[in-house]
Amino acid sequence: MNQRPILQVAQDGETDIVVRRDFSHPPERVWQVMTDPALIPHWMASAEAMSRCEIDLRPGGSFYYEWKGTEAGAGFHFSGPILAVNAPHHMTHVEFFNGDTASGTTITTDLEARGQGTRMVMVMRYASAEARAAAIEIGMTDGFDAVYDRLEALLPAA
1 MNQRPILQVA QDGETDIVVR RDFSHPPERV WQVMTDPALI PHWMASAEAM SRCEIDLRPG
61 GSFYYEWKGT EAGAGFHFSG PILAVNAPHH MTHVEFFNGD TASGTTITTD LEARGQGTRM
121 VMVMRYASAE ARAAAIEIGM TDGFDAVYDR LEALLPAA
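Quick note, the sequence shown lines up with residues 1 to 158 if you use my numbering.
Rendered as structure tokens:
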């Protein structure tokens, strides 16, 4: 019987949140699902579906992910520059929430082969301890289990 992968989310230092999770497929497949704009909306979901997904996956490129919202909730978006790419193992980008460039979160994602699978380590570095606390308070770290379970479900077809 397969057991569900363990997701670890931990605060590190004053500004970082570290997310660790194993996937059952090699880094090349995980990378494809994580970075393909046709696949991203299928796993990176919130209460509403993603309405726009663009990514220029190269250093100097950028991304834009948008959710239109519903009558019950306002829409929102994340966007920012891509700083570093070493496919299929590493990406660093900056996320601006709703276009607020005053304080971006630097996201570093590393994928390492582990047997037949992959260990993902993502470090979310906030501009300050207060910014990290505010992100946690509004739920920016909630739902990772569901998001990464959906990503895992897409891997066999990738």
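Built from N, CA and C at the ideal position, the CB exists for glycine as well.
Just so you know, these numbers come straight off a predicted model, no measurement behind them.
- Look at the stretch 33 to 69 and you find these whole runs of beta strand (DSSP E), each 3 residues long or longer: 50 to 55.
- Using a Cβ distance threshold of 8 angstroms, Pro5 and Arg21 count as a contacting pair.
- Contact fails between the stretch 6 to 13 and the stretch 82 to 101, because fewer than three Cβ pairs, one in each stretch, are under 8 angstroms apart.
- For Phe63, same chain residues with a beta-carbon under 6 angstroms away, outside a window of 5 residues either side, are Ile55 in chain order.
- The straight-line gap separating the alpha-carbon atoms of Ile107 and Ala134 is approximately 17 angstroms.
- For Asp149, the three-state secondary structure derived from DSSP is helix.
- Contact check for Asp36 and Met124: beta-carbon distance about 22 angstroms, past the 8 angstroms limit, so the pair fails to qualify.
- Around the beta carbon of Pro27, 16 or more other beta carbons sit within 10 angstroms, so the residue counts as buried.
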